[in-house]
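S.K.:
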Amino acid sequence: MSLPLEDENNIISRMDHKGKRNVIDIYAAEDGERPFITFKYHISGREEGYPGAVSNTPTYILMSETTMKLNMEASAENKNTPINLAQNTYWNLAGNAS
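Each residue of the sequence shown is one higher than the one before, counting from 3 in the working numbering.
(1) On a Cα-Cα basis, can you pick out the residue from Pro84, Pro60 and Ala31 that is closest to Tyr43?
(2) Anyone know if the C-beta pair for Gly47 and Asn80 falls short of 8 Å?
(3) For Ala55 and Ser77, I'd like the C-alpha separation in whole angstroms.
(4) Quick one: complete beta strand (DSSP E) runs, 3+ long, within the region 17-91?
(5) Do Arg36 and Leu72 count as a contact pair if the criterion is CB distance below 8 Å?
(6) Do you know how far the Cα of Val25 is from the Cα of Asn94?
Here you go:
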């Protein structure tokens, strides 16, 4: 398996879609004590250089007015596949005018 390096010896993200549209399932719950949103992205075997199919599921949970929790899960479905999840979300806390 070979993945392209983006930052010297690191792979920062692996989203080489070559113009292809990808489907991301979204599940959300606004009601209740802890609102959340979950994104599920499925990568079929050999797509993006992985040896097998992979499902990646991050969930953002509002724990309070000032705290958010992130749960990240990934699973290889049909072949042993190395997976190392990283979170690199950037939030614009200054609003859309910044």
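C-beta atoms are modelled at their ideal positions from N, C-alpha and C, and glycine is treated no differently. As the structure is a computational prediction, the values presented were derived from the model and not from experiment.
M.R.: Let's see:
(1) The shortest C-alpha separation from Tyr43 is found at Pro60.
(2) yes
(3) 8 Å
(4) Listed in chain order, the complete beta strand (DSSP E) runs (minimum 3 residues) inside the region 17-91 are 26-31, 38-45, 56-64 and 70-78.
(5) In this structure, Arg36 does not lie closer than 8 Å to Leu72 by Cβ.
(6) Looking at the two C-alpha atoms, the distance is approximately 25 Å.
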